[in-house]
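Asker: This structure is in structure tokens; I'll ask about it shortly.
Chains as they are written, first to last, in this note's numbering: chain C, 1 to 233; chain A, 1001 to 1233.
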């Protein structure tokens, strides 16, 4: 019988924000797999580091930093092949995923390659989105309010269109798009109350009004533009 | 010195999807607080039940089922008052919140009443949204895709407007709005691929194509309308 592939969400960074299930699966893993961006230390692995058993085999998928389909897909092809060999041998593989596996996670590329041939269980995790809201003291949505989640990589006109409504807008993947985003938020008249959060729940966490955000933002940063105040508040 | 109020996300329902931090805080609690809807058993309490220490004091906020501002706010006023008396006595209070405290959670009403007078820590949790995506095997967002989160309570025209774009739409709080939502999704030509999920991660969980959803949906149900397929897949 083949092994099971677990896609395990690790939460936003603080190891205590891992779920009990994630913690249990990692602690018992014989094989873990995780992505590493362009040879850098894997953020996913660093969250789980204290739990990975000493003798566990580690499958590292070195994902190049690129917006082109290839060669990232070649890296996932290779990772999926290595993982499938382990699964065929009857051994489970625990794939470590920052945040939640299906919320801007690269696990979906493994899921697409392997879920028809093997049993796959996705273990959801705390997203960076709600972690940022928690540390900023800013509720995302109440009762009849909506939330629009927008990658900061979009063109300025697309950002403007999402900001035109009155609902909460969460801008993900800020990084080098900060100036463009700030201009769009300001033009929409929504800078007041907007919050910039960097590395939420980690020791280096920063929470600032958007107007005071640094000129250089890391990839792991986010902007929350609050929606209309809930009339119940 | 006053106690700290912890707003603790419990995740979607399976107690194993609680965070390690939530589990630790509840296990050590001297006082827990939680909402109960219209006198029914509290869902939040049921998720945490096995961890609540035997001698802990329990503050129950009985929230009436209503769309009117009062008398729900009176119930939060009373709960906040009872909690503040405990905090003033130097004892911490652990408030149990389904899902994530700031993602459609009622904790924000306690936060608004108490965060200026007391230390409050919000512990984020796994949202029902990513839990539903996990059990449905449906990634919510990849790379440059957006997600629109929409309460099913909105009017049909508002639903139609959110469904007009090509991105992933998550319809929360389906319940008695199912037929209206189904009509709006169908009219937008997006029924294919849309998934209905009921009580995700609980024993009674159901995952169905939207077209096969039951006529009566419980409050804890959700519909995911997937966005355009990621070109990397």
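All residues carry an ideal CB built from backbone N, CA and C; glycine is no exception. These numbers were taken from a predicted model, which means no experiment stands behind them.
Which value, in whole angstroms, describes the spacing of the CA atoms of residue 1147 (chain A) and residue 1048 (chain A)?
Answerer: 30 Å
Asker: In this structure, does DSSP put residue 1181 (chain A) in helix, strand or coil?
Answerer: helix
Asker: In chain order, what are the residue ranges of uninterrupted beta strand (DSSP E) at least 3 long that sit wholly in the stretch 26-68 of chain C?
Answerer: Segments of the beta strand (DSSP E) lying fully in the stretch 26-68 of chain C: 31-37, 57-63.
Asker: So the candidates are C:181, C:230, C:224; which of them puts its Cα closest to the Cα of residue 197 (chain C)?
Answerer: C:224
Asker: If you count every other CB in all the chains shown that lies within 10 Å of the CB of residue 65 (chain C), and 16 or more means buried, which is it?
Answerer: exposed
Asker: Which first and last residues belong to the alpha helix (DSSP H) in which residue 1133 (chain A) is found?
Answerer: 1128-1136
Asker: Check the Cβ of residue 62 (chain C) against every Cβ in chain A and list those closer than 8 Å, keeping chain order.
Answerer: Residues of chain A passing the Cβ test: none, with the nearest at roughly 17 Å.
Asker: How many whole angstroms separate the CB atoms of residue 84 (chain C) and residue 114 (chain C), which I take to be in contact at a CB cut-off of 8 Å?
Answerer: 6 Å
Asker: Look at the Cβ atom of residue 108 (chain C), then the Cβ atom of residue 1071 (chain A), and state whether they are nearer than 9 Å.
Answerer: The answer is no: Cβ separation not under 9 Å.
Asker: Flag residue 102 (chain C) as yes if its beta-carbon sits less than 9 Å from any beta-carbon of chain A, otherwise no.
Answerer: Yes - at least one Cβ of chain A is within 9 Å of the one on residue 102 (chain C).
Asker: Exposed or buried, residue 1001 (chain A), counting other C-beta atoms within 10 Å across all chains shown (16 or more means buried)?
Answerer: exposed
Asker: Residues of chain C with CB under 7 Å from residue 1032 (chain A), in chain order?
Answerer: Neighbours of residue 1032 (chain A) on chain C: none; closest Cβ ~18 Å, over 7 Å.
Asker: Quick one: Cα of residue 1044 (chain A) to Cα of residue 42 (chain C), how far?
Answerer: 35 Å
Asker: Just tell me which of A:1188, A:1186, A:1151 has its CA closest to the CA of residue 1173 (chain A).
Answerer: A:1151
Asker: For residue 212 (chain C), collect the residues of the same chain with a Cβ closer than 8 Å to its Cβ; drop the 5 residues on either side in sequence, then sort them by chain order.
Answerer: 196
Asker: Interface residues of chain A around residue 115 (chain C) at Cβ under 7 Å?
Answerer: 1137
Asker: Could you run through the stretch 151-170 of chain C and flag, in chain order, every residue whose CB is less than 8 Å away from some CB of chain A?
Answerer: 151, 153, 154, 162
Asker: Please list the terminal residues of the continuous alpha helix (DSSP H) segment that includes residue 1112 (chain A).
Answerer: 1107-1114
Asker: Taking contact to mean at least 3 C-beta pairs separated by less than 8 Å, is the stretch 159-172 of chain C in contact with the stretch 200-209 of chain C?
Answerer: no
Asker: Would you check if there are 3 or more beta carbon pairs closer than 8 Å linking the stretch 1124-1131 of chain A to the stretch 1186-1196 of chain A?
Answerer: no
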